[in-house]
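To start, the structure itself, in structure tokens.
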Amino acid sequence: MKTTKTVHVWNPLWVAGLLFAVNLLLHGCAARQQPARETVISKPPVQEKTAAGSLLASAHQSVQSGQFNQAEVTLERALRVEPRNARLWHEMARVKYGQGDYGQTVQFCLKANSLAGRDAALIRQNWQLMSRAYAKMGDTDKAEQAKMKAEAAN
Amino acid sequence: MFRKKKSPPKKGQPRKSKSLRPAFTRAGIAVLLVSLVAFIFYANYLDKVIRAKFDGKRWSIPAVVYARPLELFPELAFTPEMLEAELQLTGYRKEQQAAAPGGYDRKGNVMHLVTRDFYFTDGPEKSAAVTVTFAGRRVATLSRTDTGERLSLVRLDPARIGSFHPREHEDRVLLTRKDLPDLLVKSLVAVEDRHYYIHFGVDPLAIMRAMFVNLRAGETVQGGSTLTQQLVKNFFLNNRRTLGRKINEALMAVLLEMHYTKDEILTAYANEIFLGQDGGRAVHGFGLASQFYFRRDVKDLTPAQVAMLIGMIKGPSYYDPRRNEQRCLQRRQVVLEMMREAGVISEEQFQTARAARLESSDTIMSGFNRYPAFLELVRRQLDRDYREEDLTGDGLKILTTLDPQVQMQVEKHLSATIATLEKRTNRKGLEGAVVVSSRDGGEILALAGGRHPLKPGFNRALDAQRPIGSLVKPAVYLTALASGYTLATPVDDVAVTLASAGARKWRPANFDKQEHGRVPMYEALAQSYNLATIRVGLEVGVDKVVANVRRLGVDRDFSPYPSFLLGAAPMSPLEVSQMFQTLASGGFYLPQRVIGSVLTADNKVVKRFGLSVEQRFPADLIFVLNNALKRVVSEGTAHSLVSYIPDHINVAGKTGTSDDMRDSWFAGFTGDKLAVVWVGRDDNKPTRLTGSGGAMVVWGKIMQALPLQPLELTEPQGIEWARMDAASLHSLTDYFGEKAWLPFLAGTTPRQTVTARQQAPQQASPPPPAERRRKSGTGLWDTIRGWFR
Numbered sequence: 001m002k003t004t005k006t007v008h009v010w011n012p013l014w015v016a017g018l019l020f021a022v023n024l025l026l027h028g029c030a031a032r033q034q035p036a037r038e039t040v041i042s043k044p045p046v047q048e049k050t051a052a053g054s055l056l057a058s059a060h061q062s063v064q065s066g067q068f069n070q071a072e073v074t075l076e077r078a079l080r081v082e083p084r085n086a087r088l089w090h091e092m093a094r095v096k097y098g099q100g101d102y103g104q105t106v107q108f109c110l111k112a113n114s115l116a117g118r119d120a121a122l123i124r125q126n127w128q129l130m131s132r133a134y135a136k137m138g139d140t141d142k143a144e145q146a147k148m149k150a151e152a153a154n
Numbered sequence: 001m002f003r004k005k006k007s008p009p010k011k012g013q014p015r016k017s018k019s020l021r022p023a024f025t026r027a028g029i030a031v032l033l034v035s036l037v038a039f040i041f042y043a044n045y046l047d048k049v050i051r052a053k054f055d056g057k058r059w060s061i062p063a064v065v066y067a068r069p070l071e072l073f074p075e076l077a078f079t080p081e082m083l084e085a086e087l088q089l090t091g092y093r094k095e096q097q098a099a100a101p102g103g104y105d106r107k108g109n110v111m112h113l114v115t116r117d118f119y120f121t122d123g124p125e126k127s128a129a130v131t132v133t134f135a136g137r138r139v140a141t142l143s144r145t146d147t148g149e150r151l152s153l154v155r156l157d158p159a160r161i162g163s164f165h166p167r168e169h170e171d172r173v174l175l176t177r178k179d180l181p182d183l184l185v186k187s188l189v190a191v192e193d194r195h196y197y198i199h200f201g202v203d204p205l206a207i208m209r210a211m212f213v214n215l216r217a218g219e220t221v222q223g224g225s226t227l228t229q230q231l232v233k234n235f236f237l238n239n240r241r242t243l244g245r246k247i248n249e250a251l252m253a254v255l256l257e258m259h260y261t262k263d264e265i266l267t268a269y270a271n272e273i274f275l276g277q278d279g280g281r282a283v284h285g286f287g288l289a290s291q292f293y294f295r296r297d298v299k300d301l302t303p304a305q306v307a308m309l310i311g312m313i314k315g316p317s318y319y320d321p322r323r324n325e326q327r328c329l330q331r332r333q334v335v336l337e338m339m340r341e342a343g344v345i346s347e348e349q350f351q352t353a354r355a356a357r358l359e360s361s362d363t364i365m366s367g368f369n370r371y372p373a374f375l376e377l378v379r380r381q382l383d384r385d386y387r388e389e390d391l392t393g394d395g396l397k398i399l400t401t402l403d404p405q406v407q408m409q410v411e412k413h414l415s416a417t418i419a420t421l422e423k424r425t426n427r428k429g430l431e432g433a434v435v436v437s438s439r440d441g442g443e444i445l446a447l448a449g450g451r452h453p454l455k456p457g458f459n460r461a462l463d464a465q466r467p468i469g470s471l472v473k474p475a476v477y478l479t480a481l482a483s484g485y486t487l488a489t490p491v492d493d494v495a496v497t498l499a500s501a502g503a504r505k506w507r508p509a510n511f512d513k514q515e516h517g518r519v520p521m522y523e524a525l526a527q528s529y530n531l532a533t534i535r536v537g538l539e540v541g542v543d544k545v546v547a548n549v550r551r552l553g554v555d556r557d558f559s560p561y562p563s564f565l566l567g568a569a570p571m572s573p574l575e576v577s578q579m580f581q582t583l584a585s586g587g588f589y590l591p592q593r594v595i596g597s598v599l600t601a602d603n604k605v606v607k608r609f610g611l612s613v614e615q616r617f618p619a620d621l622i623f624v625l626n627n628a629l630k631r632v633v634s635e636g637t638a639h640s641l642v643s644y645i646p647d648h649i650n651v652a653g654k655t656g657t658s659d660d661m662r663d664s665w666f667a668g669f670t671g672d673k674l675a676v677v678w679v680g681r682d683d684n685k686p687t688r689l690t691g692s693g694g695a696m697v698v699w700g701k702i703m704q705a706l707p708l709q710p711l712e713l714t715e716p717q718g719i720e721w722a723r724m725d726a727a728s729l730h731s732l733t734d735y736f737g738e739k740a741w742l743p744f745l746a747g748t749t750p751r752q753t754v755t756a757r758q759q760a761p762q763q764a765s766p767p768p769p770a771e772r773r774r775k776s777g778t779g780l781w782d783t784i785r786g787w788f789r
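If you read the sequences in order, they're chains A and B.
Going left to right, the first sequence walks through residues 1 to 154 as our numbering numbers them.
Going left to right, the second sequence walks through residues 1 to 789 as our numbering numbers them.
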């Protein structure tokens, strides 16, 4: 397990906090009036020092060494910790691709997209992967459509 | 011989004196021969019996069922009390200072624990000494106790929650010869059977000695049974001390020794010997006994503890440390002396052990087969993949999804709330069932099949088929939304008469027997109006609604009668749960799971029940529907849920009441959990409870006791928000109420409403957005006022 020590002054959290404060001043009421409303902003890329992050890192390693089943179990653990993290669902899709289960690859990508919110990069990756999965399944039409959606995602 | 018998005896009489001897001898030989043959047959029979028993026992290692492992990480909503409960269930022991695996200590908000080795699906998790600190009902930090190094994640060994064994009410912690510590083996031989390693099954010397002692005492004070004989006796669990029994036992003991090695017999003995009673469960074997009495593994037992267990062999109930403490202590001291005499322990060890208190942990809430309803579901899922013999024969490890924290709350609040409801309605005989699952994983976290969790019997969560009432309405409105309706579409909640072939005319009514006129569709759902629902359902087609119920995951045939629209079709709580699972996960069908994996005794994965998803409904459609289901709680029939669950959790759900209030249902989900509750009577008589008066109260009480994530509905692309004036069904630009905002599928926003927002569709928070508010409000004033809300 890797541990990273970051005690920078420009810690992303500080920056986010500052931006939030400015935002509050400018759009105070809107921000305050919707506290319970659903937030669509996808979670930031998983930090390695978090529980899900360390599991994701370990799953990555498994994928790289071709141990997809191992990676799958690890990702399921990560998803139990952060079930709404779109990136984890995307990783699951990659594992399914590696296992040769292209139908599930598409499904996990769709699930990842349904949680991706504004993360255009992730949405693009999902469509790209779906395009490849459809191609593997011999569905060139859908592969092409997915490719176009990938290009449109930004 | 035949001829001789026939010949008259007189004939031989003259020769009597002469031939008497040979005849006598011959008869004697014959008798001897016959009895020898009989004996051989009998011995052969006994041999078969005892070998079948022994082999059966030896190999019949039950499949052990485990709960989900607890994963601790910083920020996890968890309290020290919850962790202690979890550790108790998992068989940890509380110590002054946690030192050995399976021990923990707690000083306020700081807990130290030493986890135990466990082999998971993804590999072994080594024992680790961990320090956990808590703050504000959350895990604050995790670190290694020795080095202080911070940890991001710690996985505990899971609690054993049951086992499948041919003989119910029994359990084992099965030990191999290697698992038996020397101390135990030597002490056992020293105390119970000194000549174990040299005798052939019976020990004549010991028997003679015992007889001598017993004769002198005038009663049976000492037994001369060898370990082998005791094992045989335990196999057949018969305490009659008849001579015939004894001889049988002795014979079988000899036969056993002929077939098996001393080590095999000793191991069987260590696993078989009866050492007490835990409620309805017999405690067999040292493995289970050391867990039961000391919460330790056998290898971690001290000499004093070994002595206590061995002392108890003589009479587990007579020397029960919890009931007959003094007697047990005296017996232990006697055993310790014998251990010292035999040189098993040193003088020093003896003194220490003798001085030790008779420590036996309190009667504990043991996890073994404590959750029969959940185990039943596990068994059924396994039955689809395994044969009964495999389940009972191979020592499989079954890793399940049960979350003991959730299960404990479910059991507690289901029975307590039902008792309260009985008092309130002044009616006895209420029953209930609960299914809780994880929202996005579809894992069954807890299950109750009735109000008495330990009482086996009718499992209502799985087997009660009851009309689901208004719980079917989300499927009706889902179908409507997919057919072009919007949440703002006006629908008529006015009386309707349905003619059905050959039957009387059906005139459905609302619960309050009123008509509500023209209402927007979301309101019809939130207020659970029957008339509006019937009209909408008939318009879109009952067959389509039925098809969607199937697509939601209840894969059965239902007749498309209009009454289906009001939930006349019976379903089990588990089926309802699967249906709502698809809604809760945003339109993705997840086969609900109770088992993660099945491992063999040597930790090979033989079966995985992995996560799988299948999009059954478009995300935007479900998003719109779920928003309406939130209104059921925020302003509709489940409004009183707020007395249990704070507003900001944003529960989405639906109440359900069947005809004459025979069934009370509630299904709802938060950010992380979906729960379905049914309350009703086994005899199907009216309960006097509505969905919100019965099942929803149980739901609220359970969820209230658990850490909850607020429900966040991720907005998919293409959703448009528009302000609605509920009263006039027209948009109003100056209407501020949050309730005026509704989501619409792209392109379906009614023309007379004003689309609130034109930004990127994935925009974080739904309207009303700031700039519009400023336009209509007083800008700065609004801003400042907002801070104080």
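All C-beta atoms, glycine included, are put in the ideal place defined by N, C-alpha and C.
Problem set entry | Span of the beta strand (DSSP E) around M111(B) | Following the DSSP letters along the chain, one finds M111(B) inside the beta strand (DSSP E) bounded by residues V110 to V114.
Exercise. How big is the Cα-Cα spacing for R3(B) and Y269(B)?
Worked result: Residue confidence for R3(B) is low, a pLDDT of 42 falling below 50, so the modelled location carries little weight; the figure read from the coordinates is stated next. Distance between the alpha carbons of R3(B) and Y269(B): 54 Å.
Exercise. Do A71(A) and S62(A) have their C-beta atoms within less than 9 Å of each other?
Worked result: Cβ atoms of A71(A) and S62(A): closer than 9 Å.
Exercise. The beta strand (DSSP E) spanning G432(B) covers which residue range?
Worked result: That run of the beta strand (DSSP E) goes L430 to S438.
Exercise. Based on the DSSP secondary-structure assignment, which residues constitute the bridge partners of R593(B)?
Worked result: Looking at the DSSP output, R593(B) bridges to E443(B).
Exercise. Straight-line CA distance for Y644(B) to R354(B)?
Worked result: The alpha-carbon atoms of Y644(B) and R354(B) are separated by roughly 54 Å.
For this session: Step through the CB atoms of chain B and report whether any lies within less than 9 Å of the CB of K136(A).
Result: Interface annotation, K136(A): not in contact with chain B, CB-CB separation never under 9 Å.
For this session: Under 7 Å Cβ to Cβ from N650(B), same chain only, skipping five residues before and after it: list those, please.
Result: Closer than 7 Å at Cβ, skipping near neighbours: K630, P710 and L711.
Exercise. Relative to the alpha-carbon of D403(B), which residue among A250(B), A67(B) and L83(B) has its alpha-carbon at the smallest distance?
Worked result: Relative to D403(B), the option among A250(B), A67(B) and L83(B) whose CA is nearest is A67(B).
Exercise. The beta strand (DSSP E) with D620(B) in it runs from where to where?
Worked result: For D620(B), no beta strand (DSSP E) run applies; the uninterrupted alpha helix (DSSP H) run containing it begins and ends at A619 to S634, by DSSP.
Exercise. Considering only C-alpha positions, which residue in the set A140(B), R688(B) and S143(B) is nearest to N426(B)?
Worked result: For N426(B), the closest of A140(B), R688(B) and S143(B) by C-alpha to C-alpha distance is R688(B).
Exercise. Are the beta-carbon atoms of L481(B) and V633(B) separated by less than 9 Å?
Worked result: At least 9 Å separates the beta-carbon of L481(B) from that of V633(B).
Problem set entry | Paired residues, beta bridge with Y318(B) - DSSP | According to DSSP, which records beta bridges pairwise, Y318(B) is partnered with nothing at all.
Problem set entry | Proximal chain A residues relative to G586(B), where beta-carbon distance stays under 7 Å | Going along chain A in sequence order, the residues near G586(B) (Cβ under 7 Å) are S114.
For this session: Measure the CB-CB distance between A695(B) and W665(B) and report whether it falls below 9 Å.
Result: The answer is yes: Cβ separation under 9 Å.
Exercise. With A93(A) and L122(A) assumed to form a contact (beta carbons below 8 Å), what rounded beta-carbon distance in angstroms separates them?
Worked result: No, A93(A) and L122(A) are not in contact; Cβ-Cβ is about 11 Å, not under 8 Å.
For this session: At 7 Å on the CB atoms, spell out the chain A contacts of Q615(B), in chain order.
Result: Simply Q107 and L110.
For this session: Select from T489(B), R550(B), N248(B) and F164(B) the residue whose C-alpha is nearest the C-alpha of R806(B).
Result: Outside the modelled stretch of chain B, which goes from 1 to 789, sits residue 806(B), for which no answer is possible.
Exercise. Are the C-beta atoms of L611(B) and some chain A residue less than 9 Å apart?
Worked result: When Cβ-Cβ separations below 9 Å define contact, L611(B) makes contact with chain A.
Exercise. Does any C-beta atom of chain A lie closer than 9 Å to the C-beta of S415(B)?
Worked result: Answer no: the Cβ-Cβ gap between S415(B) and chain A never drops below 9 Å.
Exercise. Counting pairs of Cβ atoms below 8 Å between the stretch 673-693 of chain B and the stretch 431-450 of chain B, do you hit three or more?
Worked result: Flag = yes, the stretch 673-693 of chain B and the stretch 431-450 of chain B touch.
For this session: Specify the secondary structure class of M67(B) as computed by DSSP and reduced to three states.
Result: The sequence given here places Ala at residue 67(B); Met does not occur at that position. For A67(B), the secondary structure class from DSSP, reduced to helix, strand or coil, is coil.
Exercise. For the alpha helix (DSSP H) that contains E347(B), what are its first and last residues?
Worked result: E347(B) -> alpha helix (DSSP H) spans E347 to A355.
Exercise. Does T121(B) get closer than 9 Å to chain A when you measure Cβ to Cβ?
Worked result: Yes, because at least one Cβ of chain A sits closer than 9 Å to the Cβ of T121(B).
Exercise. List, in order along the chain, the chain A residues whose C-beta lies closer than 7 Å to that of G441(B)?
Worked result: Near G441(B) (Cβ distances below 7 Å), the residues of chain A are L79, R80 and P83.
Problem set entry | Cβ-based burial, I247(B) [other Cβ within 10 Å; buried from 16] | With fewer than 16 other Cβ atoms from the protein chains shown falling within 10 Å of its own Cβ, I247(B) counts as exposed.
Exercise. Which partner residues does L72(B) have in the DSSP bridge list?
Worked result: For L72(B), which the question treats as bridged, DSSP gives the partners V154(B).
Problem set entry | Assigned exposure category for M258(B) - 16 Cβ within 10 Å defines buried | By the 10 Å Cβ count, M258(B) comes out exposed.
Problem set entry | Counted within 10 angstroms of its Cβ, other Cβ atoms place M571(B) as buried (16 or more) or exposed | Per the 10 Å Cβ criterion, buried.
Exercise. Quick one: what does DSSP say S563(B) is sitting in, helix, strand or coil?
Worked result: Helix at S563(B).
Exercise. Over what stretch of residues does the beta strand (DSSP E) that includes D383(B) continue unbroken?
Worked result: Segment P372 to D383 is the alpha helix (DSSP H) holding D383(B); no beta strand (DSSP E) there.
Exercise. Does the stretch 95-102 of chain A come close enough to the stretch 578-595 of chain B to have 3 or more Cβ pairs within less than 8 Å?
Worked result: Of all C-beta pairs linking the stretch 95-102 of chain A to the stretch 578-595 of chain B, fewer than three are shorter than 8 Å, placing the two stretches out of contact.
For this session: Compare the Cα-Cα distances from G123(B) to each of V73(A), E151(A), E144(A) and L56(A) and report the closest residue.
Result: Of the listed residues, the one whose Cα sits closest to G123(B) is V73(A).
Exercise. Does any C-beta atom of chain B lie closer than 9 Å to the C-beta of M148(A)?
Worked result: Contact of M148(A) with chain B is not assigned, every C-beta pair being separated by 9 Å or more.
For this session: Express the C-alpha separation of R245(B) and N129(B) in angstroms, rounding to a whole number.
Result: Checking the displayed sequence, the identity of residue 129(B) turns out to be Ala instead of Asn. Between A129(B) and R245(B), the C-alpha separation is close to 52 Å.
For this session: Run the CB neighbour count on R518(B), radius 10 Å, all protein chains shown included, and call it buried at 16 or more, exposed below.
Result: Its Cβ having fewer than 16 others within 10 Å, R518(B) is exposed.
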